[in-house]
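Counting in the UniProt record's numbering, the sequence shown tops out at residue 311, every number present.
Beta carbons are placed, not taken as given, at the ideal position from N, Cα and C, and that holds for glycine.
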Amino acid sequence: MASLVIKNMMNIVLLGKTSTGVGKSATGNTILGKKVFRELLSSKSVTSVCQKESAEVRQRRVTVIDTPGLFDTSISNEEIIKEITKCITMAAPGPHVFLLVLPVGRFTHEEKEAVKMIQDRFGEESRRYTMVLFTRGDDLRKMSIEDYIKDSDCSLQNMINQCGNRYHVFNNRNPEDQTQVTDLLEKIDSMVAVNGGSCYTNEMFQKTEKALQEEQQRILNEKKEEIEREKEELRAKYEAELEKLKMLMTEEQQNLMHPMRSLHNYFRILISAAPVFPVWLFQHTRYGSIFSWCLQELLKMNLNETSKAYH
Numbered sequence: 001m002a003s004l005v006i007k008n009m010m011n012i013v014l015l016g017k018t019s020t021g022v023g024k025s026a027t028g029n030t031i032l033g034k035k036v037f038r039e040l041l042s043s044k045s046v047t048s049v050c051q052k053e054s055a056e057v058r059q060r061r062v063t064v065i066d067t068p069g070l071f072d073t074s075i076s077n078e079e080i081i082k083e084i085t086k087c088i089t090m091a092a093p094g095p096h097v098f099l100l101v102l103p104v105g106r107f108t109h110e111e112k113e114a115v116k117m118i119q120d121r122f123g124e125e126s127r128r129y130t131m132v133l134f135t136r137g138d139d140l141r142k143m144s145i146e147d148y149i150k151d152s153d154c155s156l157q158n159m160i161n162q163c164g165n166r167y168h169v170f171n172n173r174n175p176e177d178q179t180q181v182t183d184l185l186e187k188i189d190s191m192v193a194v195n196g197g198s199c200y201t202n203e204m205f206q207k208t209e210k211a212l213q214e215e216q217q218r219i220l221n222e223k224k225e226e227i228e229r230e231k232e233e234l235r236a237k238y239e240a241e242l243e244k245l246k247m248l249m250t251e252e253q254q255n256l257m258h259p260m261r262s263l264h265n266y267f268r269i270l271i272s273a274a275p276v277f278p279v280w281l282f283q284h285t286r287y288g289s290i291f292s293w294c295l296q297e298l299l300k301m302n303l304n305e306t307s308k309a310y311h
């Protein structure tokens with residue numbers, strides 16, 4: 001039944017980065033053999049929402065869904081990814097192929113990031129349904145696409161390898177050359193046959209969505225635990241510092257109170273000794289001066305309050 005489905009219909013999703021010369025929308029027009037997607041040489045995405053178009057191509061119903069390009073300066077990548085995921089339901093029962101559209105030339109950092117974001121969003125299983133489509137094939141001149149890949153960046157080679165070494169090249173400047181479309185559809189047929197005639201389903205996407213949410217929750221929990229650990233460490237540190245400060249303050253207070261305690265004891269000795277010595281001794285000798293001075297100092301220091309601290 002699945003083989004009959006692929007013979008009668010094919011759902012293609014175009015994915016890629018917003019950039020002058022990528023030719024994602026032009027690729028959709030070349031596949032369908034008519035201009036239904038808007039093309040514009042601009043660093044701003046021509047497509048801001050998913051657009052679905054269909055046509056009869058080689059005796060089958062081919063549906064192409066053009067998606068917004070990533071790294072559009074006017075829209076956040078998060079919003080673009082959210083819009084791109086709508087292609088799953090738009091291509092019901094699901095896309096038979098994700099075409100990662102890249103221009104011939106240097107594999108840029110933004111293109112690497114775009115591919116990573118797409119693969120992360122649709123999950124590892126989506127690689128079974130992914131093919132790399134190079135545009136601007138005329139820029140290769142006499143070089144074959146195989147030689148171009150062999151001479152390219154290792155990261156590009158690895159990415160193609162992750163996609164099962166599936167790739168194709170288009171020259172959108174010559175859309176009349178329908179052999180490039182025929183060859184592409186044959187490669188897609190071969191890929192679908194390897195996949196048992198299946199397509200990327202909404203269930204697969206939901207599974208990836210759940211895994212992403214669980215991973216985000218795990219990271220959030222780890223972050224919370226890390227914050228709690230840091231709070232406990234800071235609390236323990238400050239409590240230790242506070243205890244140390246209290247000890248220092250107590251020690252300093254005791255040091256300050258020591259002369260007052262000595263003075264208090266001396267005063268008590270003098271008072272207790274008063275009946276033993278004649279009054280004139282306190283009035284006319286240095287003992288009298290000492291006694292008077294002690295009394296004045298103790299009054300100034302509020303001896304009564306100080307004494308309460310020691311009882």
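Member of the options whose CA lies at the smallest distance from the CA of residue i
i, options, result
"R61", "I88, Q51 and M9", "M9"
"G94", "D72, E225, Q119 and Y129", "Y129"
"T89", "E222, Q213 and F205", "F205"
"M159", "D139, L100, D183 and E203", "L100"
"M117", "L133, G69 and K150", "G69"
"T108", "D153, V132 and R127", "D153"
"E125", "E241, N195 and L184", "N195"
"D139", "R106, D183, E215 and K224", "R106"
"T85", "S74, D120 and P175", "D120"
For residue i, the first and last residue of its enclosing beta strand (DSSP E)
i, result
"R61", "R61 to D66"
"V181", "Unbroken run through V181 is the alpha helix (DSSP H), T179 to V194; no beta strand (DSSP E)."
Range covered by the alpha helix (DSSP H) that runs through residue i
i, result
"M10", "Looking at the DSSP string, M10 is not in any alpha helix (DSSP H); the run it does join, the beta strand (DSSP E), is M9 to G16."
"Y167", "Y167 -> not in any alpha helix (DSSP H); beta strand (DSSP E) instead, spanning Y167 to V169."
"N77", "N77 to I84"
"S155", "C154 to Q162"
"G28", "K24 to L32"
"R38", "Run containing R38: none; DSSP gives neither H nor E here."
"D147", "I145 to K150"
"V115", "H109 to F122"
8 Å contact criterion, which residue i and residue j should meet: CB distance rounded
i, j, result
"N37", "Q59", "First, the amino acid is wrong: residue 37 is Phe here, not Asn. Wrong, their Cβ atoms sit about 23 Å apart, outside the cutoff."
"S76", "K112", "At roughly 19 Å, the Cβ-Cβ gap does not stay under 8 Å, so S76 and K112 are not in contact."
"L133", "T67", "Between T67 and L133 the Cβ distance is about 14 Å, and since that is not below 8 Å, they are no contact."
"F122", "T208", "6 Å"
Beta-carbon proximity list for residue i, same chain, < 7 Å, skipping 5 on both sides
i, result
"M172", "Reading the sequence as shown, one finds Asn at residue 172 and not Met. Only G23, A26, T27, T30 and T135 meet the Cβ criterion."
"E110", "K17 and F71"
"R141", "none"
"F277", "In this predicted model, F277 has a pLDDT of only 49, less than 50, meaning its place in the structure is not dependable; the value taken from the coordinates is given anyway. If we look at F277 and ignore the five residues flanking it on each side, it has no Cβ neighbours."
"Y238", "none"
Neighbourhood of residue i by C-beta, 6 Å cutoff - its chain only, sequence neighbours within 5 removed
i, result
"H96", "M10, N11, V192 and C199"
"Q162", "R127"
"Q180", "F170"
Which residues DSSP lists as bridging residue i, in chain order
i, result
"S54", "T63"
"T130", "F98"
"P103", "T135"
"L70", "K17"
8 Å Cβ shell around residue i - same chain, five flanking residues per side excluded
i, result
"E56", "V62"
"K187", "M131, R166 and H168"
"H284", "Any reading at H284 is ruled out, since the residue's pLDDT is 48, under 50, leaving its predicted position unreliable."
"residue 321", "This structure leaves residue 321 out entirely; the chain is present only between 1 and 311."
"D183", "H168"
"A240", "none"
Check: residue i C-beta below 7 Å from any heavy atom of the ligand FAD
i, result
"F170", "Among the components modelled here there is no ligand, and therefore nothing to report on the ligand FAD."
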